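Undergrad:
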Amino acid sequence: MPKSAFMRLFQRPRTKYLILIAIIASISVIVLYHTIGNKQTHTPASQTVVISNPEVSVQLVEQVNAEVELVRVKSREKLSCDPIPQLKYVDISTPEVYPTLNFKPPYRSYWNYTFERRYLKLKEDWDKLPLEVIVVPHSHNDPGWLKTFDGYFMAYTAHILNNMVEKLSKYRDMTFVWSEISFFSRWWNSLKNRPHLRDQVRQFLHTGKLEILTGGWVMTDEAAAHYYGMIDQLIEGHQWMKTNLGIIPRSAWSVDSFGHSSTVPYLLRASGMYNMVIQRTHYAWKAYLAERRQLDFWWRQDFDDFTQKNHTGDIMCQMMPFDLYSIKHSCGPDPDVCLQFDFRRIPGEYSESRATPVTPEKLAERAELLLGQYGRIGSLFPHNVALVPLGDDFRYNHDEEWDQQYENYAKIMEYINSRNDWNARVRFGTLRDYFSIVHKRMNAIGYDNIPNLTGDFHVYGDIYGEGHPSYWSGYYTTRPYWKHMCRDLQHWLRSAEILYSLSRVYVKQHDLLHLLKRLDQDYAYLTQARDSLGLFQHHDAITGTSKEAVMADYGMRLFRGIKETKGIIAHSVLYMIADDAVKRSVDLRPAHPLTSFLYPDTDQAQFDKLPEKVPLTIPSQGRKVVIFNSKAHRVVEPIRLRVRSAFVKILDPDEQEVPVQVNPAWNGSVEVLGDTYELLFLADLPPLSLITFTIITSERAPRPRSQVAITLNDAFAKQPHNSIFSFQSPTDIDIELSTPSVTARFSKQSGLLQSVELKDYDLINKVSLFLQAYKSEEFRSGAYLFHPLTTDAVQNISGRFPIIRTVRGPLCSEVTAVYSNVVTVIQRVYHTSGPLGYGVELEVFTDIAQLFDVNLELFLRVKSDIKSRDIFYTDSNGFQMIKRKTLSYLPLEANYYPATSAVYLEDTQSRLTLLLSHAHGVASVNSGWLEVMLDRRLRGDDNRGLGEGIMDNKRTAAQFWVLLEGIKDEITEVPTLSLNSHLLSSFMSHPPVVVATHSFEQRNLKSKLEFLETSFPCNAELLNLRTLPAQDDFETPSNNSLLILHHKGISCRVKSWVDGKCPSQKGNAFKLDFKNVHLSSIHKTSLTGIYLQENMSNNTLEIDKMEIVSYNLTFRN
1 MPKSAFMRLF
11 QRPRTKYLIL
21 IAIIASISVI
31 VLYHTIGNKQ
41 THTPASQTVV
51 ISNPEVSVQL
61 VEQVNAEVEL
71 VRVKSREKLS
81 CDPIPQLKYV
91 DISTPEVYPT
101 LNFKPPYRSY
111 WNYTFERRYL
121 KLKEDWDKLP
131 LEVIVVPHSH
141 NDPGWLKTFD
151 GYFMAYTAHI
161 LNNMVEKLSK
171 YRDMTFVWSE
181 ISFFSRWWNS
191 LKNRPHLRDQ
201 VRQFLHTGKL
211 EILTGGWVMT
221 DEAAAHYYGM
231 IDQLIEGHQW
241 MKTNLGIIPR
251 SAWSVDSFGH
261 SSTVPYLLRA
271 SGMYNMVIQR
281 THYAWKAYLA
291 ERRQLDFWWR
301 QDFDDFTQKN
311 HTGDIMCQMM
321 PFDLYSIKHS
331 CGPDPDVCLQ
341 FDFRRIPGEY
351 SESRATPVTP
361 EKLAERAELL
371 LGQYGRIGSL
381 FPHNVALVPL
391 GDDFRYNHDE
401 EWDQQYENYA
411 KIMEYINSRN
421 DWNARVRFGT
431 LRDYFSIVHK
441 RMNAIGYDNI
451 PNLTGDFHVY
461 GDIYGEGHPS
471 YWSGYYTTRP
481 YWKHMCRDLQ
491 HWLRSAEILY
501 SLSRVYVKQH
511 DLLHLLKRLD
521 QDYAYLTQAR
531 DSLGLFQHHD
541 AITGTSKEAV
551 MADYGMRLFR
561 GIKETKGIIA
571 HSVLYMIADD
581 AVKRSVDLRP
591 AHPLTSFLYP
601 DTDQAQFDKL
611 PEKVPLTIPS
621 QGRKVVIFNS
631 KAHRVVEPIR
641 LRVRSAFVKI
651 LDPDEQEVPV
661 QVNPAWNGSV
671 EVLGDTYELL
681 FLADLPPLSL
691 ITFTIITSER
701 APRPRSQVAI
711 TLNDAFAKQP
721 HNSIFSFQSP
731 TDIDIELSTP
741 SVTARFSKQS
751 GLLQSVELKD
761 YDLINKVSLF
771 LQAYKSEEFR
781 SGAYLFHPLT
791 TDAVQNISGR
801 FPIIRTVRGP
811 LCSEVTAVYS
821 NVVTVIQRVY
831 HTSGPLGYGV
841 ELEVFTDIAQ
851 LFDVNLELFL
861 RVKSDIKSRD
871 IFYTDSNGFQ
881 MIKRKTLSYL
891 PLEANYYPAT
901 SAVYLEDTQS
911 RLTLLLSHAH
921 GVASVNSGWL
931 EVMLDRRLRG
941 DDNRGLGEGI
951 MDNKRTAAQF
961 WVLLEGIKDE
971 ITEVPTLSLN
981 SHLLSSFMSH
991 PPVVVATHSF
1001 EQRNLKSKLE
1011 FLETSFPCNA
1021 ELLNLRTLPA
1031 QDDFETPSNN
1041 SLLILHHKGI
1051 SCRVKSWVDG
1061 KCPSQKGNAF
1071 KLDFKNVHLS
1081 SIHKTSLTGI
1091 YLQENMSNNT
1101 LEIDKMEIVS
1111 YNLTFRN
């Protein structure tokens, strides 16, 4: 290059800027490199070093050539696998039928001349099969939505239930149904000094005037909720009912969940329920089933092994035929007629109702008009029995309404029943009454008219709002911060439950009665955390569809639950692992379960801030950390600690040094903290165990040193087309990271994953990540609805170049892409031959509140060359997988589905799986593509009742695993995950719990404490070990615990290797042998522990694949 040209280049501002940065960085590296070699002084605690670190070798370069030494692949064997056959006899498979539905929106309702003609024809036969009508008064009480839980209770619920006692006593044939135990239990507590009212309620329940339906803590959401939380809130409600009311629910009622999951009927039937009612399903489903008179069906699972006519394990479900559960939509197909029979009239209150009190002169006319609507409902069912809900949100809060509804309906019922020529009978009743008549008639008619159905009813689409289809697929992602926090509480609560159950037994069997008394006091905090998690499963909580202030109230409850469970964990671990558990009075402090000696190594300063690792100082005598493996099988999992010095090493329980890796701790995108480091090691943990590791100081930093590379890019470059950021292209090369099983390649431009190679199978697939965003239509996209603008191009966030950080180490290597502090993507591979080495781990941090744009929907897209066509699979509440089909003739929002744990697509050669840490909306808009919605920022309301947009975005974390796996020959089986996918999903959901000792206090701790003699197979999930309440006092713990196990099905289509430390289970028998605690008896029970079914005398548990089974464990005194 000529000299003049060189000078002109140097004179450019951008060139001078880059050269200046390079000079400063090089000087810093040289100085700090000499500092680390001599180890003369430590960086002051408050000092922050820019792109430097005295404990790691930092290379500010654009190309990293050094390769880490990989661990040799240990001996493995191929997975022995028996496919899970699909149910043979299925009348309606929703994944197969859904694409055939008529999606053309009808005018107002599907009811047309064809339906009317059929009704008139069937009416002629009422003399042979009379019309039966059960009118069910109800009040739907949301435990939070426009008001908080407490706000609703004080303003509405307390009055409703007080009125219920008075009016059910007054009217002998009046009935009422209820479902939310969270509200009912609080009201029940208010009756503590009025035992006569409690006795009246019990009498209503036993005589059938009052029925409690489902019996869950809440009416759970069925899309974003995980099956652990769904089961837990069901257990809490059922145990409360059994203890306080002496009853158990037989029927379920889910009328306000936005779409319905296939997992819920399984959980309900396993809990002892035989019948259920659902409401909110796609308008096309209602029309399809109504046309065929199949709104009643046996809801089965794909993995059931029943014969065609064996319904012993089934649950009968009725889908309500019309739009909503309000009186306007529940009395029949004509809302204008139904509005004439809502008799609520409260002075000063606006109402749609057109009803007037029934007078003798109008009685015959009114009765005939209403009976016509009831008859039209009956014509949709082969049994000619009509279920008519009479209520709405927070109805019957005024005592006048009880009188108005009862007195007018009683006149109409009496008149209809007196007309023998009408061949109809109408009465008040409950769901028990309704299904009793239905089953009696179907026994006579024959159940052949009731189809069996598998699958679910997502996505929910309505037409009642604007007259055109609207899809409720936005709430799958809305407010992801709270969805992630819910899963955090789920993790902490599950760990606390297991540890609390074990510690109570341990201290009791070791005669440590003073510690038992202290643990019994902690039970109140455990109950509070259960209630907080249960409340958040509500269909306007975990969905993110409540007012901003209400969501904050839920968040505070989750936050307190996490704090309480951490304290319980600290106490439980201390009382078992410490030789001298009580050294100071603070160890028995009754006011709060926190201890001063042991505490978890993560802390969350505020309810609306992400948790952070607590930096640990290492005194000269060392510091101990206790790690709890809550899984029932052996695992090797990464443990990340924050330490104040990099000159450390870790000793295992046998005082053998453990290989470790020291990584820089980042402060922002390029700053390295000078006084804090990440200490990483792989912990080998026995099943259900507490293991003590010791961190001690060392003379030098661990070897080999981690290698760090940072690519800085010009943030002031011209903004590219369709991007909300501006970047400058770097000049480095693509980055490649390897494990013994896979090689992952990352883009030199975006810093994101581009391809994955499976070494065992010589298979290379494009697996490219992209960060993009949809623009949403104002007032159409909102908390519930998703409605992107189809006229605007997708905004490309990762199309240009972020700051890219590369860290290479002996145990783990990672590539991080930072996009203007709005999105940070960390991608890791582990240099190990176990399950960790089979995929790429992702951590994604988003903060779209930093953007000026609104009506923005941020998503992560994965493009592969897998030929999946239009088929992909999503999980159903983390319990099972379900087939989805992308329908090109429907809009994008109709092709988004809920996923809480996993989504995959496959062809004949390979499967691409994306594991999720919390609920997201997901889609596959093209063959080989997956996309996951990350966050949504919406200014407008979507006219579904909330009345505000979603503008309270927070910095949010999401974890993923990307797995590419080979496919065997074509095998027909129930869709399910591979063994490695199950394991890695479990690693995300139930990571080891780390508690650290106080830095300046020394106590003797046991080196290890194991609770199982033999490991469970690694596809057997220990879902929970939950202390049950005493039989006569819900607030007091008993000596019994509910053990819940899930035998997960494994895909045989996927080529898998078995890690010798974690074999899979081929049979269905599991041996339960506890260690260090002693059992007295084991009884198989219903899922929620209400029904004792079988005494397991030999400790061998039989669990079929896919099934969840509960056992009541009685421990020795």
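For the sequence shown, full-length UniProt numbering begins at 1 and goes up steadily by one.
For every residue, glycine included, the Cβ atom is placed at its ideal position computed from N, Cα and C.
Just so you know, these numbers come straight off a predicted model, no measurement behind them.
1) Excluding sequence positions up to five away, which residues of its chain have a Cβ less than 7 Å from the Cβ of Y506?
2) Name the DSSP bridge partner or partners of Y1100?
3) Assuming I804 and G751 make a contact with CB atoms under 8 Å, what is their CB distance in whole Å?
4) What are the start and end residues of each continuous alpha helix (DSSP H) run of 4 or more residues lying completely inside the UniProt domain "Glycoside hydrolase family 38 central" (470-558), in chain order?
5) Output the distance between the C-alpha atoms of W422 and H138, rounded to the nearest integer angstrom.
6) By how many angstroms is the C-alpha of R419 removed from the C-alpha of N449?
7) Would you mind sorting F859 into buried or exposed? The rule is 16 or more other CB atoms within 10 Å of its CB.
8) Use the C-beta contact count for G246: other C-beta atoms within 10 angstroms, 16 or more gives buried, fewer gives exposed.
9) Residue range of the beta strand (DSSP E) that L1045 falls in?
10) Go ahead and label Y113 buried or exposed: buried means 16 or more other beta carbons lie within 10 angstroms of its beta carbon, across all protein chains shown.
11) Does the separation of the CB atoms of Y677 and S698 fall below 9 Å?
12) Helix, strand or coil for D232 per DSSP?
13) Would you say the beta carbon of G839 comes nearer than 8 Å to a heavy atom of the ligand PLP?
14) Between K883, K863, V825 and Y89, which lies nearest to N452 when the distance is taken from Cα to Cα?
15) Taking 9 Å as the cut-off, decide whether the C-beta atoms of G949 and Q239 are in contact.
16) Once DSSP output is grouped into helix, strand and coil, what is the label at E96?
17) Do the segment 257-265 and the segment 458-472 make contact, defined as three or more Cβ pairs closer than 8 Å?
18) Just grab the DSSP bridge partners of D296 for me.
19) Can you grab the Cα-Cα spacing for the pair P686 / E1013, in whole Å?
20) Could you tell me the distance, in whole angstroms, from the CA atom of T565 to the CA atom of K192?
21) Measure from the alpha carbon of V818 to the alpha carbon of each residue in N855, D142 and V670, then state which is nearest.
22) Under the DSSP definition of a beta bridge, which residues are partnered with E612?
23) Where does Q340 sit, in a helix, a strand or coil, going by DSSP?
24) Would DSSP call F1115 helix, strand or coil?
25) Could you tell me which whole alpha helix (DSSP H) segments of length 4 or greater appear in the segment 725-802?
26) Would a C-beta distance cut-off of 9 Å place L535 and V177 closer than the cut-off?
27) For G921, which beta-bridge partners are listed by DSSP?
28) Thinking C-alpha only, which one of D1033, R1026 and C1018 is nearest G1067?
29) Sorted by chain position, which residues of the same chain lie with C-beta nearer than 6 Å to Y464's C-beta, five sequence neighbours on each side aside?
30) Taking the C-alpha atoms as reference points, what is the distance between L842 and P1037?
31) Consult DSSP for F381 and reduce its assignment to one of helix, strand or coil.
32) How far does the alpha helix (DSSP H) with V995 in it extend, from its first residue to its last?
33) Could you check what DSSP says for M219 in three-state terms: helix, strand or coil?
34) Which runs of the beta strand (DSSP E) at least 3 residues long sit entirely within the segment 125-151? Give them in chain order.
35) If you compare alpha carbons, which of T692, S169 and R269 is closest to V993?
36) On the three-state DSSP scale, how would you describe V1109?
TA: The relevant details are as follows:
1) For the purposes of this step, residue 506 is taken as the residue at position 506 of the sequence shown. M576, N1076 and V1077, listed in sequence order.
2) Along the sequence shown, one-based indexing puts residue 1100 at 1100. It should be pointed out that residue 1100 corresponds to Thr in this sequence rather than to Tyr. DSSP output for T1100 lists K1071 as bridge partner(s).
3) In the sequence shown, residue 804 corresponds to position 804, counting from 1. In the sequence shown, residue 751 corresponds to position 751, counting from 1. Confirmed, Cβ separation roughly 4 Å.
4) 480-509 and 513-536
5) Here residue 422 is taken as the residue at index 422 of the sequence shown, counted from 1. Here residue 138 is taken as the residue at index 138 of the sequence shown, counted from 1. Distance between the alpha carbons of W422 and H138: 27 Å.
6) Here residue 449 corresponds to residue number 449 of the sequence shown, with the count starting at 1. Here residue 419 corresponds to residue number 419 of the sequence shown, with the count starting at 1. So the two alpha carbons sit approximately 30 Å from each other.
7) Within the sequence shown, the letter at position 859 stands for residue 859. Per the 10 Å Cβ criterion, buried.
8) On the sequence shown, position 246 is the one that residue 246 refers to. G246 should be labelled exposed.
9) Locating residue 1045 in the sequence shown gives position 1045, where the first residue counts as 1. Taken as a continuous stretch (DSSP letters only), the beta strand (DSSP E) holding L1045 covers D1033 to H1047.
10) Sequence index remark: in the sequence shown, residue 113 carries index 113 (1-based). Exposed: under 16 other Cβ atoms inside 10 Å.
11) Here residue 677 is taken as the residue at index 677 of the sequence shown, counted from 1. Here residue 698 is taken as the residue at index 698 of the sequence shown, counted from 1. No. Outside cutoff.
12) For this step, residue 232 is matched to residue 232 along the sequence shown. DSSP places D232 in helix when its eight states are reduced to three.
13) Questions concerning the ligand PLP fall outside what the structure shown contains, since it holds no ligand whatsoever.
14) Here residue 452 is taken as the residue at index 452 of the sequence shown, counted from 1. For the residues K883, K863, V825 and Y89, the minimum Cα distance to N452 belongs to Y89.
15) Counted from its first residue, the sequence shown places residue 949 at position 949. Counted from its first residue, the sequence shown places residue 239 at position 239. Contact flag unset, no.
16) Residue numbering aside, residue 96 sits at position 96 when the sequence shown is read from its first letter. If DSSP states are grouped into helix, strand and coil, E96 belongs with the helices.
17) yes
18) As a working mapping, residue 296 is identified with position 296 in the sequence shown. The partner list for D296 (beta bridge, DSSP) reads Q318.
19) Here residue 686 is taken as the residue at index 686 of the sequence shown, counted from 1. Here residue 1013 is taken as the residue at index 1013 of the sequence shown, counted from 1. Distance between the alpha carbons of P686 and E1013: 10 Å.
20) Numbered from its first residue, the sequence shown carries residue 565 at position 565. Numbered from its first residue, the sequence shown carries residue 192 at position 192. So the two alpha carbons sit approximately 28 Å from each other.
21) Counting from 1 along the sequence shown, the entry for residue 818 is found at position 818. Of the candidates N855, D142 and V670, the one whose C-alpha sits nearest the C-alpha of V818 is V670.
22) Within the sequence shown, residue 612 is the residue found at index 612, counting from 1. In the DSSP output, where bridge partners are listed per residue, E612 has D603.
23) Taking the sequence shown and counting its residues from 1, the one referred to as residue 340 is at position 340. Reduced to three states, the DSSP call for Q340 is helix.
24) For this step, residue 1115 is matched to residue 1115 along the sequence shown. Residue state, collapsed to three classes: strand.
25) none
26) Locating residue 535 in the sequence shown gives position 535, counting from the first residue. Locating residue 177 in the sequence shown gives position 177, counting from the first residue. No, they are not a contact pair.
27) Counting from one through the sequence shown, the residue named residue 921 turns up at place 921. Beta-bridge pairing links G921 to P898.
28) Against the sequence shown, residue 1067 aligns to sequence position 1067. Closest by alpha carbon: C1018.
29) Position 464 of the sequence shown, counted from the first residue, corresponds to residue 464. So the qualifying residues of the chain are D323.
30) Counting from 1 along the sequence shown, the entry for residue 842 is found at position 842. Counting from 1 along the sequence shown, the entry for residue 1037 is found at position 1037. Cα to Cα, L842 sits roughly 40 Å from P1037.
31) Stepping through the sequence shown from its first residue, residue 381 is reached at position 381. Coil, per DSSP.
32) Translated into positions along the sequence shown, residue 995 becomes position 995. Looking at the DSSP string, V995 is not in any alpha helix (DSSP H); the run it does join, the beta strand (DSSP E), is V993 to T997.
33) Within the sequence shown, the letter at position 219 stands for residue 219. Residue state, collapsed to three classes: coil.
34) You should have 131-140.
35) Within the sequence shown, the letter at position 993 stands for residue 993. The residue from T692, S169 and R269 with its alpha-carbon nearest to that of V993 is T692.
36) Stepping through the sequence shown from its first residue, residue 1109 is reached at position 1109. It is a strand residue.
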